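Its first residue numbered 1, the sequence shown is counted upward by one per residue in full-length UniProt numbering.
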Amino acid sequence: MTPSLFEALGKQVAAAALFLPNLLFWTETGYFDLAASTKPLLHLWSLGVEEQFYLVWPVLMLIGVRFRLRMEWMLLAITLLSLLHCWSLSHFGHTSAAFYSPLARAWELSAGGLLAVMRTGSAKSANSTIFVIVGVSMIALVAFLGIGQAAWPNKFALAIVAGSMLAIRYGATSRLATRTLGSGLMVFLGRISYPLYLWHWPILVFAYIKNGTTLAPWQASACLVASICLAILTYLAVEVPLKKHLRLSPLARGAVASLAVVGLAGFSIAFAHGIPSRLPDALQAALAYERYDFKTDAYNPGCWLGNEEDTSKLLPVCLKTNRNDAIVIWGDSHAARLSPGLREVFGSERISQLTRNGCAPLLGLGEPVVGMSRRQCGGLRANSETSCPDCHLIWCLAELSERLEDRLSVCSHA
């Protein structure tokens, strides 16, 4: 792994050891964040949410008992408040918080607690089967709708939770459910599901890093088979012995010590910036460019606008209207990344910069990228046409894969 990826892995290991991976990934989300396909422990975010919930759950139960509260109503209130919080974050554009925040995801877990304390009578097998079919159908429908590209959590998450509650609540009294969901194969898959979840993502990520590109179908299939084999081995060699071991104190001490060692190792790797000294000198020099930080090396406040900033916030210093030898950088964030190099070559006094995330340098042509309006990008185009009519050179650069067949467009006008 390159130093930057190894450093990121160290951070992920340290955060996982502290039960905080979701908070780490929350802080790392951003326009130039590493791709998910390069984060081997990204899947641990959900375990972080669960672990944080389980730390709070006993306290909630004690509060309910201490003040003699009706558990059903207390948990219903917690579930609805968390669901409302999740919806509000998503609705107002705070999608990262809605995804990673334990407060925004608590409703999915508290719904299970609500189901556990609800006083429900027995149901006839026929009625139970109907509810189970409805519940499983809701889950299957979401799975086949292709939700991977949708912002999450959303209405699909609500459907999955509701469907799971129906299947759990009525599964035990449904003959169909006991014969299908309770079959030996399904029970076995359920038993290895946890280690399978732990293994599948790191294997896919390391295969992607090794391959350097998207995996071919046969490669992805091989990763799946390897994940299943390791999951079975983990279940038989780790989970089964742990369940049979009655003396938990030595195991607990060993687990805590192991967790501390692994967490400290991850912290050390992150602190050492991925230990670049383990690589040859020539490779270290080439990979030193990985430490490039757009926030300090390229970002120019007022000249590089973000998604939420209005075009009127372009600073006058960005527009060199009094020079006929000015060079204009016009385009999206890809164009903005050219700014440091061009300023170094031609001098900052000649550079005008009109850049905004997601806005291509197109005169009345094409749509902006998803999430950007015509008005937002149109304002940038208007500035480019009127701010510097006698400019010597206009340099345009943008990601156009969503508009044209060509990957990039580079244009100059003398």
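Beta carbons: idealized from backbone N, C-alpha and C, even for Gly.
Bear in mind the structure is a predicted one, so any value in this text is a computation, not a measurement.
CB contact flag (residue i, residue j, <8 Å)
{"i": "Asn154", "j": "Ser90", "result": "yes"}
{"i": "Cys223", "j": "Ala207", "result": "yes"}
{"i": "Ser137", "j": "Ala106", "result": "no"}
{"i": "Cys396", "j": "Gln353", "result": "no"}
{"i": "Ile327", "j": "Leu342", "result": "yes"}
{"i": "Ala111", "j": "Val59", "result": "no"}
{"i": "Gly266", "j": "Ala17", "result": "yes"}
{"i": "Val205", "j": "Lys39", "result": "yes"}
{"i": "Cys359", "j": "Asp332", "result": "yes"}
{"i": "Ala398", "j": "Pro361", "result": "yes"}
{"i": "Asn357", "j": "Leu283", "result": "no"}
{"i": "Ile394", "j": "Trp330", "result": "yes"}
{"i": "Ile192", "j": "Ile139", "result": "no"}
{"i": "Leu242", "j": "Leu251", "result": "yes"}
{"i": "Glu51", "j": "Phe92", "result": "no"}
Residues bridged to residue i [DSSP beta-bridge criterion]
{"i": "Gly331", "result": "Thr355 and Leu397"}
{"i": "Trp304", "result": "Thr355"}
Residue i, buried or exposed, once every other Cβ within 10 Å from all chains shown has been counted against 16
{"i": "Gln211", "result": "Here the sequence assigns Asn to residue 211, which means Gln is not the residue at that position. Exposed, since its Cβ has fewer than 16 Cβ neighbours within 10 Å."}
{"i": "Trp73", "result": "exposed"}
{"i": "Leu365", "result": "For Leu365, the predicted model reports a pLDDT of 49, less than 50, meaning its position is unreliable; a value from the coordinates is still stated below. So Leu365 counts as exposed."}
{"i": "Ala14", "result": "buried"}
{"i": "Val369", "result": "Interpretation of Val369 is limited by its pLDDT of 47, a score under 50 that renders its predicted location unreliable; the figure taken from the coordinates is listed afterwards. Classification of Val369: buried, given that the 10 Å Cβ count is 16 or more."}
{"i": "Phe25", "result": "buried"}
{"i": "Ala77", "result": "exposed"}
{"i": "Ile63", "result": "exposed"}
{"i": "Trp45", "result": "buried"}
{"i": "Val49", "result": "buried"}
{"i": "Cys377", "result": "buried"}
{"i": "Ala104", "result": "buried"}
{"i": "Leu314", "result": "buried"}
{"i": "Leu41", "result": "buried"}
{"i": "Thr79", "result": "buried"}
Cutoff 7 Å; reference residue i; Cβ partners in own chain excluding five residues on either side
{"i": "Ser227", "result": "Leu196, Trp199, His200 and Ile203"}
{"i": "Met118", "result": "Glu72"}
{"i": "His273", "result": "Pro3 and Glu7"}
{"i": "Phe53", "result": "Pro102, Ala106 and Leu109"}
{"i": "Leu84", "result": "none"}
{"i": "Phe346", "result": "Ile327"}
{"i": "Tyr235", "result": "Arg191, Ile192 and Pro195"}
{"i": "Ala29", "result": "Before going on, a small fix: residue 29 reads as Thr here, not Ala. The residues are Ser96."}
{"i": "Val262", "result": "Val13 and Ala17"}
Cβ-based neighbour list, residue i, same chain, cut-off 8 Å, excluding 5 preceding and 5 following
{"i": "Ala177", "result": "Ser128, Thr129, Val132, Ala167, Tyr170 and Gly171"}
{"i": "Val134", "result": "Gly163 and Leu166"}
{"i": "Cys318", "result": "Asn300, Gly302, Cys303, Ser352, Gln353 and Leu354"}
{"i": "Lys269", "result": "In the sequence under discussion, the amino acid at residue 269 is Ile, which differs from the Lys named in the question. Counting only Cβ-Cβ distances below 8 Å, and skipping sequence neighbours, we find Phe6, Glu7, Leu9, Gly10, Val13 and Ile275."}
{"i": "Leu215", "result": "Leu204, Ala207, Tyr208 and Cys223"}
{"i": "Leu145", "result": "Phe156"}
{"i": "Met1", "result": "Leu9, Ile209 and Gly274"}
{"i": "Leu280", "result": "The identity of residue 280 in the sequence shown is Pro, whereas the question assumes Leu. None."}
{"i": "Gln219", "result": "Ala207 and Asn211"}
Own chain, CB closer than 6 Å to residue i, minus 5 neighbours either side, in chain order
{"i": "Leu75", "result": "Ser110, Gly113 and Leu114"}
{"i": "Val142", "result": "Phe156, Ala159 and Ile160"}
{"i": "Leu259", "result": "Ala17"}
Heavy atom of the ligand SAM within 7 Å of residue i beta-carbon
{"i": "Asn324", "result": "No copy of the ligand SAM appears in this structure; indeed no ligand is present at all."}
Interface flag, residue i vs chain D, CB-CB below 8 Å
{"i": "Val225", "result": "You won't find chain D in this structure, because it holds only one protein chain."}
Touching by the beta-carbon criterion (3+ pairs, under 8 Å), the region 123–139 and the region 165–173: yes
Three CB pairs or more closer than 8 Å across the region 98–106 and the region 61–68: no
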